[in-house]
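Sequential numbering from 1379 applies to the sequence shown in the working numbering.
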Amino acid sequence: MPMSAYMRYQFDFLGIKNPLRNELLKKHLSAYQLPSREKLTEAVWKLYELPEREYQYAAIALLDRMRKELMLEDLSFVRQLIENKSWWDSVDSIAIRTLGHVVRKERTAGTLLMVEWSQAENMWTIRAAILHQLKYKKQTDTAVLSQIILQHVESPEFFIQKSIGWALREYAKTDAECVETFVSTHELMPLSKREALKNIKK
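Dropping the structure here:
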């Protein structure tokens, strides 16, 4: 199956293509009563445990739909999702939307937690910490972004190098000069550097 091949055969798929899956999820989440905050993690985890990858996407969509209900105390569960059945598709969706939303809502404590996550042994948790500010634009805490990145600039992991470059490339849309200065004053892996500067016009 092409979907399974694209994910390097790590997951089984039902074979529902993205446009149809998104349409079905949208209709389902609109038509049926959403779980209460107290029942949310249970409902999400039941979906996440099912074998086919589309169920993990449904779990992430449900969590995202109810992200305004989430508090900092829920991030231990969010981390559980990140560290299970991990691949870039699930981790990035959770990090950028759900995780990013909760941290921005409880910024001081959330930022301290992201610094803690950035020191984890799990590669995907580190990636989530790097990417959690991806859509913050002018609200990006550049000191924290720099701190987290600099812990991992020598990482041999492709997905860490890629996430560093992606985070910098996205912030360059807000402040290209800041990113150029950062790249020129720190020794990044070639992949990270290339990604960071990709859209900066010379």
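For glycine and all other residues, C-beta sits at the position ideal for the given N, C-alpha and C. If you're wondering where the values come from, they're calculated on a predicted model, not measured in any experiment.
Beta-bridge partners of residue 1430 (DSSP): 1390. Put simply, the backbone Cα of residue 1562 is about 10 Å away from that of residue 1575.
The C-beta distance from residue 1570 to residue 1539 rounds to 5 Å, short enough to meet the 8 Å contact threshold. Under the three-state reduction of DSSP output, residue 1465 falls in the coil class, being neither helix nor strand. Taking the CA atoms as reference points, residue 1407 sits about 46 Å from residue 1565. Taken through DSSP and simplified to helix, strand or coil, residue 1519 comes out as coil.
Its chain contains 1564 as the residues whose beta carbon lies nearer than 8 Å to that of residue 1528, once the 5 sequence neighbours on both sides are disregarded; these appear in chain order. When only Cα atoms are considered, residue 1422 and residue 1559 end up about 42 Å apart.
The DSSP-derived three-state label of residue 1483 is helix.
Using a 10 angstroms sphere on the CB of residue 1487, the tally of other CB atoms stays under 16, which defines it as exposed.
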